[in-house]
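First residue of the sequence shown? That's 1 in the UniProt record's numbering, and the numbers climb one at a time after it.
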Amino acid sequence: MTPDRNKETKQKTQVIKNTCNPIFDESLEFDVNMSEVSNYALEVTVISKSGSMMFPRGKILGKAVIELSQLDLSKAATEWYDLDALE
């Protein structure tokens, strides 16, 4: 979670093994004051954990930055986001 990058704002999902199309059906919750939420963004980074010829272990596959000010936080959201390639 940006702008505060620390242990309290970093969460990890479970590792999905042996698939090129993982599905993450998980909920993540963060404690943010509603008066400050427009200052925050959720940064999602996808990392290869298994390692292969195509995706070496630990390689960052891409990331998405989700501006919380653009969401209706009064209800749950299920959205698809494109990953930006990292150089």
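By construction, the Cβ of each residue, glycine as well, lies at the ideal position given by its N, Cα and C atoms.
Just to confirm, are Leu71 and Ala77 a CB contact at a threshold of 7 angstroms?
Against a cut-off of 7 angstroms, the Cβ pair of Ala77 and Leu71 comes out as a contact.
For the candidate residues Glu43, Ile60 and Ser48, whose alpha-carbon lies nearest to that of Lys10?
Closest by alpha carbon: Glu43.
Bridge partners for Leu42 per DSSP, in chain order?
According to DSSP, which records beta bridges pairwise, Leu42 is partnered with Ile66.
Cα separation between Ala85 and Ile23?
Straight-line Cα distance between these residues: approximately 20 angstroms.
Could you check the C-alpha separation between Ile60 and Ser35 for me, to the nearest Å?
Cα to Cα, the separation comes out at about 33 angstroms.
Between Thr13 and Ala41, is the Cβ-Cβ spacing less than 7 angstroms?
Taking 7 angstroms as the Cβ cut-off, Thr13 and Ala41 do not qualify as a contacting pair.
Report the partner residues of residue 88 according to the DSSP bridge assignment.
For the chain, the structure presents residues 1 to 87; residue 88 sits outside this window and is missing.
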